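>
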Amino acid sequence: KDNTPLPCSGVVSELADVIHAGFVFPSGYQWWITHRLHPFNPVYFDGNPALFSYSEEQCRIARSRTHRSSDTPRQLSTDMDRSGALDHASGLPDPVSEPDTVSLRTLCRFFNHPLAMFYQTTPKIVFPEPEEPLPDREPFQVSGLARYQLGSWILEKELNLSGYALARAGGQLPLGNQGGLAWENLLQTTRPIQALAAKQVPDTPRDSVAVDLVVKKCRVQGLVSDLYKEDEGAVRCVIEFGRIHARRLVTNWILHLAATLMMPNTPVTTRIIGTDPFRRQSVGMQTFTPVGESARPYLEHLVTLYCQGLTRPWPFFPDTGLALARALAEKEYDPHDDVLAGAMKKARPAWFNAHTQTGEKTDRYTAMWMEHHPDPLDTLLHLQTSGMVDHSLAVFKPLLAHLESGA
51 KDNTPLPCSG
61 VVSELADVIH
71 AGFVFPSGYQ
81 WWITHRLHPF
91 NPVYFDGNPA
101 LFSYSEEQCR
111 IARSRTHRSS
121 DTPRQLSTDM
131 DRSGALDHAS
141 GLPDPVSEPD
151 TVSLRTLCRF
161 FNHPLAMFYQ
171 TTPKIVFPEP
181 EEPLPDREPF
191 QVSGLARYQL
201 GSWILEKELN
211 LSGYALARAG
221 GQLPLGNQGG
231 LAWENLLQTT
241 RPIQALAAKQ
251 VPDTPRDSVA
261 VDLVVKKCRV
271 QGLVSDLYKE
281 DEGAVRCVIE
291 FGRIHARRLV
301 TNWILHLAAT
311 LMMPNTPVTT
321 RIIGTDPFRR
331 QSVGMQTFTP
341 VGESARPYLE
351 HLVTLYCQGL
361 TRPWPFFPDT
371 GLALARALAE
381 KEYDPHDDVL
391 AGAMKKARPA
401 WFNAHTQTGE
411 KTDRYTAMWM
421 EHHPDPLDTL
431 LHLQTSGMVD
441 HSLAVFKPLL
451 AHLESGA
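Residue numbering for the sequence shown follows this note's numbering, starting at 51 and increasing by one per position.
Put into structure tokens, the structure is as follows:
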């Protein structure tokens, strides 16, 4: 983990000794090559034919790390220079200019992980998604992503016992009685969600709204669907299999604001139905109340933050930020240190769970940002100087002001 050289195994070492003692190689012939631990090590891109790589993504990472870690950076091979590779004169290329047009999908994706979008857009560092190894045995339970996909499928198609044969034929369930038990468990989870949706979703659907807004010299475009008519207003109903976490709240908040601006004379409400965010075994609903004329300044502020986040790293972490904002809201946003310390304590599990080794801190793009910044939840001073509190409140304070919990 600290990048120190690792000795080869005893068998390989003995083989090398035998080759060295028993064979004579031409002058300059390199029969023993010591590879580096990471594929983005600069030696793979310095032009030496002994160690080389054709990966553009790893070359970009190598350039970025070389410029950040050394006052006299190693010259990387110009053969690997492509559009988007880092400029030798600075650690980062020229910042991305403010966009003329942004889609609602892109805006929502940004606030789900601003650091990821910055690094993918400006230095063009894109970490490949790790592929899960193929299982070497039949699954005995349905969990994780497979469970979420099956549950979402049941809700979307409004399936019951009749869907068991389809799921089993598609190889999505364990064989034998275990598959039947897994399907029944999924139905027991989805039935309360379906029952709550039957009560809360109006009967009359409404046409989707095409969004085309000029906000802060930026055109915001997209589509808002899942709309229904109720009394004199419009209701957007979202039914989710899974916990109503921070990223879902932010995404639906942005769509709520956009729909409000496109229907200025109609009060818009958004209902998000899923697993209760505080009691994971129960079903709950989060509701965004009508915003009215405040929708424009709210959305303008979010677009401004989006434009800023494309030009420099903008540390905003939805789960941790929501925990901070909720804890501060309970104290009416009191700025005193003891209140902030209590909020930091409540937010730590979302930032990093030492027991499960999970949390927003473990993300690879977050780790890149933390190479130059201290852990914001390590001390109260680090939290105050990181900007995380201000960024979290900029997004979640107006959101929480219009959020209601309960069916």
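Just so it is clear, CB atoms sit at the ideal spot from N, CA and C, and this is done for glycine as well.
Computed from a predicted structure; not experimentally measured.
Just the Cα atoms here: how many angstroms apart are A296 and Y169?
Cα to Cα, the separation comes out at about 22 angstroms.
> Within the region 58-91, note down every full alpha helix (DSSP H) run reaching 4 residues or more, in order along the chain.
Counting only runs of 4 or more, we get 60-72.
> In whole angstroms, what separates the C-alpha of E382 from that of T435?
C-alpha separation (whole angstroms): 21 angstroms.
> Decide if the region 373-387 is in contact with the region 348-355; the criterion is three or more beta carbon pairs, one per stretch, under 8 angstroms apart.
No, because fewer than three Cβ pairs between the region 373-387 and the region 348-355 fall closer than 8 angstroms, the two stretches do not touch.
> Just to confirm my understanding: we take F75, look at its own chain, exclude 5 residues before and 5 after, and list those with CB closer than 7 angstroms. What are they?
These residues qualify, in order along the chain: W81.
> According to the neighbour-count rule (16 or more other Cβ atoms, all chains shown, within 10 Å of its Cβ), is R298 buried or exposed?
Buried, because 16 or more other Cβ atoms sit within 10 Å of the Cβ of R298.
> In terms of residues, what are the limits of the beta strand (DSSP E) holding Q336?
Run containing Q336: V333 to F338, per the beta strand (DSSP E) assignment.
> Report buried or exposed for V318, applying the criterion of at least 16 other Cβ atoms within 10 angstroms of its Cβ.
Classification for V318: buried.
> In the structure shown, what three-state DSSP assignment does Q358 receive?
Residue state, collapsed to three classes: helix.
> Looking at chain C, is there any beta carbon in it that lies within less than 7 angstroms of the beta carbon of E454?
Considering every chain present, this structure includes no chain C. It has just one protein chain.
> Using a Cβ-Cβ cutoff of less than 6 angstroms, which residues in the same chain neighbour P89 once the five nearest sequence positions on both sides are dropped?
Closer than 6 angstroms at Cβ, skipping near neighbours: Q108.
> Return the bridge partner residues of T408 from the DSSP annotation.
Beta-bridge pairing links T408 to N403.
> What did DSSP end up calling F95 once you bin it into helix, strand or coil?
It is helical.
> Assign S103 to one of three DSSP states: helix, strand, or coil.
Three-state DSSP puts S103 in coil, outside helix and strand.
> Under the three-state reduction of DSSP, which class applies to I322: helix, strand or coil?
Strand.
> Are the region 162-176 and the region 413-420 in contact at 8 angstroms, needing three or more beta carbon pairs?
Counting Cβ pairs under 8 angstroms, three or more are found: they touch.
> With DSSP collapsed to three states, give me the class of S153.
Strand.
> May I ask you to report which of helix, strand or coil DSSP gives R329?
Reduced to three states, the DSSP call for R329 is coil.
> Please report the residue range of the beta strand (DSSP E) in which K279 lies.
Where K279 is concerned, the enclosing beta strand (DSSP E) stretches over L277 to E280.
> How is P347 classed by DSSP in three states: helix, strand or coil?
DSSP places P347 in helix when its eight states are reduced to three.
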